[in-house]
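**Student:** Right, I'll just put the structure down here and ask away after.
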Amino acid sequence: MDEILKIEHLVKTFGTNEVLRDIDFSVSKGDVISIIGSSGSGKSTLLRCINLLEDATGGHILFHGEDILGGDVNEDSYRTKVGMVFQSFNLFANLNVLDNCMIGQVKVLKRDKEEARATALEYLAKVGMAQYIEAKPRQLSGGQKQRVAIARALVMNPEVLLFDEPTSALDPEMVGEVLDVMKDLAASGMTMLVVTHEMAFARDVSNRVIFMSDGRIEEDGDPATVFSSPKSERTRDFLSRFNS
Amino acid sequence: MSIGEMNFFQRMVYIIQEYSGSLLKGAATTMAIAIVCTFFGCVIGFAVGLLQTTEPHKGSGPLKRGLLKAVKVVLTAYVEVFRGTPMMLQAAFIFYGMSQLFGINLGMWSAAFIIVSVNTGAYMAETVRGGILSVDPGQSEGARAIGMTHFQTMVNIILPQALRNIMPQIGNNLIINIKDTCVLSIIGTVELFFTFRSISGALYMYFEAATVTMAIYFILTFVCSRILRAVENRMDGPADFNLATTDTLAFTSGMTRYDAQKGGTH
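What follows is the structure, encoded as structure tokens:
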């Protein structure tokens, strides 16, 4: 399979605190990988390192075989290919829904406005937010904001989409609408890396589950195996808390 | 009726009748200096505040880092000196210094514009810095995550929000400038306060002239503060929004049209 991302020996420390210790895994085209684990295990930091929002302390991140931590790579053009959806949405508060989805296309990809608008509307319709193009982010509910944020990432036509706990800041009744959008995306073949506490999503939608603990990958395998017969004690501990 | 026989109100009316021309001219000069200098002060403030909040790129070499550091030191010195000394003395210092040291005779207008702009810029620099820091860091992460450069992020996302946040402070600065142009009378700028001194000196009617001039200052500042509040409300946009639809019958009821072929839902 087409390998898009390969993470090798990734290390991240904050001061003396080792958040990521020697992370190794790869992402192939069409993969939907759920990263689970308790708070503080380094899941979010891992995603932020992959998107270069944090500088990795050591190791390599290969994007189509090219080391993006090497220093010669244009970070901004790499970021357009690796989209990110945040727990706190981070929609641009000064722009309405349509402009949120257009500005990256116009300013970064240099698409003309007509094309950008058409693309934005196409993806906004996909996430069920086309009616709200004139609304400002503050006028939307959490679930609506997150759906717009997903559309904003999609319009850039990324090769991989990173989700950093996309439903953790939402009221329970809004979690479903965002997960539905993510399920559709996964079914359409989008390559996704999802940090989540939604075990049902991890089990039913993803094709691979990574369990992280103390900055290490404790378990990496297909959902059925990880959920039904985990190899490590820590994984069993963690999962038993969800099954009770 | 001679001036001696007039009461307080008659004397005020007399001042207004006799000196309405110079009072209006003084008020116009004051407003021109205040508005132009607040504008240029904002420009200076944005430039300085932007540079002060710039962090060196992790790939940039020691030369670039050193240069940025040196620029920041100079700008900090500028801000501290011009915030930390009276504008009246700055006016004298620049006006007389220019003529004595460099033989440049600044005219009344250029001296006034330079002094008040540079002074306002020093205050605005700190205001803008605060405005930029007040914008949620998530906003810039969101922009970086779709590949926008630092400059694009600043211009399109951070500064518009910072500007909205500091609008009350810009209004404050305009009002302060309207009143503080009076210190320019020390270098002979004929603004409203200078006019007050001429009138009161000529007629020996200090109380009446002060009352009239104060009323004019108040009208100027009050109108400005109302206008700025309206501008702020405009920047916030409407509290509601229209739903977009492809149903042509709904257009008349205030809904917005969008093209079904380009991704609409029926």
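Going down the list, the sequences are from chains A and B. All you need for our numbering is the position in the first sequence, starting with 1, plus 111. All you need for our numbering is the position in the second sequence, starting with 1, plus 13. Idealized CB from N, CA, C, for every residue including glycine. If you're wondering where the values come from, they're calculated on a predicted model, not measured in any experiment.
#1: Within its chain, find whatever has a CB closer than 7 Å to the CB of A/LYS342; leave out the 5 residues flanking it on each side and keep chain order.
#2: Could you work out which residues of chain B lie near A/LEU164, taking near to mean beta carbons separated by less than 9 Å?
#3: Should B/GLN113 and B/LEU88 be called a contact, given that it needs their Cβ atoms to be closer than 8 Å?
#4: Identify the residues that DSSP records as bridge partners of A/LEU116: which are they?
#5: In the DSSP assignment, find the alpha helix (DSSP H) that holds A/GLY215 and state where it starts and stops.
#6: In whole angstroms, what separates the C-alpha of B/LEU81 from that of A/SER139?
#7: Assign A/VAL271 to buried or exposed, taking buried as 16 or more other Cβ atoms, counted over all protein chains shown, within 10 Å of its Cβ.
#8: If the cut is a Cβ gap below 9 Å, which residues of chain A does B/ILE170 touch?
#9: Using a Cβ-Cβ distance under 8 Å, would A/LEU121 count as near chain B?
#10: Between A/VAL217, A/ASP113, A/GLY141, A/SER152, which lies nearest to A/GLU129 when the distance is taken from Cα to Cα?
#11: In three-state terms, what does DSSP make of A/PHE203?
#12: Residues in its own chain within less than 7 Å of B/GLU154 by CB, not counting five upstream and five downstream?
#13: Could you check whether the Cβ of B/LYS275 sits closer than 8 Å to any Cβ belonging to chain A?
#14: Among A/ASP348, A/TYR234, A/GLU344, A/HIS175, which has the Cα closest to the Cα of A/ILE118?
#15: According to DSSP, which residues form a beta bridge with B/PHE207?
#16: So, B/THR140 versus B/ILE179, is the Cβ gap smaller than 8 Å?
#17: Within 8 Å (strictly less), CB to CB, does B/THR162 reach chain A?
#18: How about B/PRO181: is its C-beta nearer than 8 Å to some C-beta of chain A?
#19: Measuring only the C-alpha atoms, how far is A/THR278 from A/GLN257?
#20: Verify whether the separation of the beta carbon atoms of A/VAL316 and A/ALA335 is less than 8 Å.
#21: Does the pairing of the stretch 117-129 of chain B with the stretch 31-38 of chain B give three or more beta-carbon distances under 8 Å?
#22: Does A/ALA280 come out as helix, strand or coil in the three-state DSSP assignment?
#23: Using a threshold of 8 Å, state whether the C-beta atoms of A/LEU158 and A/VAL306 are closer than that.
#24: Can you give me the Cβ contacts of A/GLY239 inside the same chain, cut-off strictly under 8 Å, excluding the 5 residues immediately before and after it?
#25: Excluding sequence positions up to five away, which residues of its chain have a Cβ less than 6 Å from the Cβ of B/ILE107?
#26: Over the uninterrupted alpha helix (DSSP H) stretch that includes B/THR43, give me the two end residues.
#27: Three or more beta-carbon pairs under 8 Å between the stretch 145-162 of chain B and the stretch 95-103 of chain B, yes or no?
#28: Give the secondary structure of A/ALA167 by DSSP, where H, G and I count as helix, E and B as strand, and everything else as coil.
#29: Verify whether the separation of the beta carbon atoms of A/PHE353 and A/ALA260 is less than 8 Å.
#30: So does the stretch 131-140 of chain B actually touch the stretch 47-61 of chain B, counting three or more Cβ pairs closer than 8 Å?
#31: Counting C-beta neighbours from all protein chains within 10 Å, is the total for B/TYR32 16 or more, i.e. buried, or is it exposed?
#32: Determine the burial state of A/THR191: buried for a count of at least 16 other Cβ atoms within 10 Å of its Cβ, exposed for fewer.
#33: Determine the contact status of B/GLN182 and A/ALA204, defining contact as a CB-CB distance below 8 Å.
#34: Looking at the structure shown, is B/ILE128 part of a helix, part of a strand, or coil, going by DSSP?
#35: Can you pull the DSSP bridge partners for A/LYS123?
#36: Since A/LEU220 contacts A/ILE214 with CB under 8 Å, what's their CB separation in whole angstroms?
**Tutor:** Short version:
#1: GLU330
#2: GLU154, ARG157, ALA158
#3: no
#4: A/VAL138, A/PHE174
#5: 208-218
#6: 42 Å
#7: buried
#8: PHE203, ALA204, ASN205, LEU206, ILE214
#9: no
#10: A/SER152
#11: coil
#12: none
#13: Bear in mind that a pLDDT of 47 at B/LYS275, under 50, signals an unreliable position, so the number given afterwards is only what the model happens to contain. B/LYS275 counts as touching chain A.
#14: A/HIS175
#15: According to DSSP, B/PHE207 bridges with nothing at all.
#16: yes
#17: yes
#18: no
#19: 8 Å
#20: no
#21: no
#22: coil
#23: yes
#24: ARG258, GLU288, VAL292
#25: ILE128
#26: 21-65
#27: no
#28: coil
#29: no
#30: yes
#31: buried
#32: buried
#33: no
#34: helix
#35: A/LEU131
#36: Not quite, the Cβ-Cβ distance comes to about 10 Å (not below 8 Å), so this is no contact.
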